[in-house]
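Visitor: First, the structure itself, so that you have it in front of you.
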Amino acid sequence: MRLIIALLLLTFSIPALSAKILIIGSYHASYPWELDYNLAIKDTLGDNHSYYHYHMDTKRIQPEAYQARADEAWELYLAVKPDLVFLGDDNAVKYLHQRLRATQTPVVYLGINQDARHYKLNEADNFTGVLERPLFKRSIILAQQLIGKRPNPKVLVLFDSGITSQVTTDYITKKKETVNIGETQLDIKSIDNYEHWQQLVSNAKDLGYTAIFIGLYQTLKDSKGEHVPELEVLSWTRQHASVPHFGFWSFSIGKEGNIGGYVLDGYVHGVNAATLGRRLLAGTKPRSLFPKTDSTGRYVLSRSGIKKWQLTIPDNVLRRAVWVE
83 MRLIIALLLL TFSIPALSAK ILIIGSYHAS YPWELDYNLA IKDTLGDNHS
133 YYHYHMDTKR IQPEAYQARA DEAWELYLAV KPDLVFLGDD NAVKYLHQRL
183 RATQTPVVYL GINQDARHYK LNEADNFTGV LERPLFKRSI ILAQQLIGKR
233 PNPKVLVLFD SGITSQVTTD YITKKKETVN IGETQLDIKS IDNYEHWQQL
283 VSNAKDLGYT AIFIGLYQTL KDSKGEHVPE LEVLSWTRQH ASVPHFGFWS
333 FSIGKEGNIG GYVLDGYVHG VNAATLGRRL LAGTKPRSLF PKTDSTGRYV
383 LSRSGIKKWQ LTIPDNVLRR AVWVE
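Following the numbering used here, the numbering of the sequence shown begins with 83 at its first residue and continues without gaps.
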């Protein structure tokens with residue numbers, strides 16, 4: 083373990099001109115959400131700091147390995163002795179908040195879907211941060227606008243069974259499997275098996291659905307219990323969906339992904355967190371900075387997806403949309 087820490091320090095260190103900043107992410111280095119907020123933190127705080135990173139990789143490893151990854155992250159914290167820590171997403175917070183709250187180091191959390199009170203972060207003097215809340219109703223309204231009015235509309239909402247998905251779906255549905263937004267019925271499914279996911283996606287039209295919303299899909303396992311790469315899941319869904327399919331996060335929209343959505347953006351989320359971090363580095367006490375909720379959405383649409391499904395974009399959306407391939 084000490085060798086791992088030494089290699090991490092060697093890999094991620096730059097000459098320190100100001101603060102030492104440690105960013106501990108719940109997922110892997112190539113995960114788009116994590117890539118975006120890491121870039122935003124550095125862009126916002128600037129290059130005159132030393133940045134250290136640890137990725138817990140909890141989208142791809144088994145849950146029983148989470149604690150060991152958290153222990154490695156803690157070893158890096160002890161080795162670096164950072165001036166500021168960012169904790170990205172629920173697993174990093176879940177497994178590290180107790181040890182960090184016993185220190186004097188200021189901590190900014192971001193991307194957590196769970197209520198901060200669940201972790202008692204409201205009682206921690208050295209914590210503040212940004213909550214992540216998918217823009218669910220606005221996303222459904224956008225899909226209704228693009229598809230057009232249908233009799234008895236039903237939407238299938240798919241999530242994997244990871245902790246972030248569990249917390250998000252509980253927040254959206256209050257633990258109900260079916261909810262209604264206006265005249266639209268939403269059936270929310272948490273899936274752990276890739277074959278089951280494929281069946282639902284390909285048969286959605288026959289099951290009476292007018293659209294699918296793809297939430298999170300990064301922890302799906304195949305029939306052998308092996309992790310299915312996230313890009314494979316998204317590409318397969320794109321190819322075999324029997325009805326138009328939308329997303330809640332910008333990283334899921336594109337040529338090999340969802341058609342579009344009114345989405346949260348990892349870069350914007352990172353800017354919000356880094357803005358808090360900048361104030362902490364300037365000497366503001368975390369306790370005096372009330373946590374934020376990220377409600378900054380934007381319309382992101384895929385040109386190829388809109389063309390494939392021959393959807394018409396309302397003028398109010400067209401004027402504000404960000405287009406991707």
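Every residue gets a Cβ at the ideal spot worked out from N, C-alpha and C, and that includes glycine.
Is the Cβ-Cβ distance between ILE106 and LEU178 less than 8 Å?
Guide: yes
Visitor: Taking the runs of the beta strand (DSSP E) that are 3 residues or longer, which of them lie wholly in the segment 189-256?
Guide: 189-194, 209-214 and 236-242
Visitor: Indicate whether the contact test is met: 3 or more Cβ pairs, each with one atom in the segment 394-406 and one in the segment 368-385, closer than 8 Å.
Guide: yes
Visitor: Can you tell me whether GLN267 is helix, strand or coil according to DSSP?
Guide: If DSSP states are grouped into helix, strand and coil, GLN267 belongs with the strands.
Visitor: Using beta-carbon positions only, say whether SER136 and ALA150 come within less than 8 Å of one another.
Guide: The amino acid at residue 136 is misidentified as Ser; the sequence shows Tyr. Their beta carbons are not under 8 Å apart, which means TYR136 does not touch ALA150 by this criterion.
Visitor: With respect to the beta strand (DSSP E) encompassing VAL325, which residues constitute its N-terminal and C-terminal limits?
Guide: Here VAL325 belongs to no beta strand (DSSP E), and DSSP marks it neither H nor E.
Visitor: Once the 5 residues before and after LYS374 are set aside, which same chain residues still bring their CB inside 8 Å of it?
Guide: GLY211, VAL212, LEU213, ASN354 and LEU358
Visitor: Could you spell out the range, first to last residue, of the alpha helix (DSSP H) harbouring LEU363?
Guide: 348-363
Visitor: Using the three-state DSSP reduction, which class does LYS102 fall into: helix, strand or coil?
Guide: strand
Visitor: Taking 8 Å as the cut-off, does the segment 115-122 touch the segment 343-352 (at least 3 CB pairs, one atom from each stretch)?
Guide: yes
Visitor: Compare the beta carbon distance of GLY193 and TYR119 with 8 Å and say whether it is the shorter of the two.
Guide: yes
Visitor: By the DSSP assignment, the beta strand (DSSP E) with TYR381 in it spans what residues?
Guide: Annotation for TYR381: the continuous beta strand (DSSP E) segment containing it runs 380-384.
Visitor: As a quick exercise: from LYS306, GLN300 and ALA286, pick the residue whose alpha carbon is nearest that of SER324.
Guide: ALA286
Visitor: Report yes or no: do the segment 227-243 and the segment 193-207 share at least 3 C-beta pairs separated by less than 8 Å?
Guide: no
Visitor: In whole angstroms, give me the CA-to-CA distance for THR140 and SER272.
Guide: 17 Å
Visitor: Quick one: what does DSSP say PHE372 is sitting in, helix, strand or coil?
Guide: coil
Visitor: DSSP three-state label for GLY339, please.
Guide: Coil, per DSSP.
Visitor: Just checking: is the beta-carbon of LYS231 within a distance shorter than 8 Å of some beta-carbon in chain D?
Guide: The chain labelled as chain D is not found in the depicted structure, where only one protein chain is given.
Visitor: Report the three-state DSSP secondary structure of LYS303 (helix, strand or coil).
Guide: strand
Visitor: Would a C-beta distance cut-off of 8 Å place GLN280 and TRP331 closer than the cut-off?
Guide: no
Visitor: In whole angstroms, what separates the C-alpha of HIS110 from that of ALA174?
Guide: 12 Å
Visitor: Going by CA-CA distance only, name the one from THR126, LEU121, LEU169 and ASP125 that's closest to SER108.
Guide: LEU169
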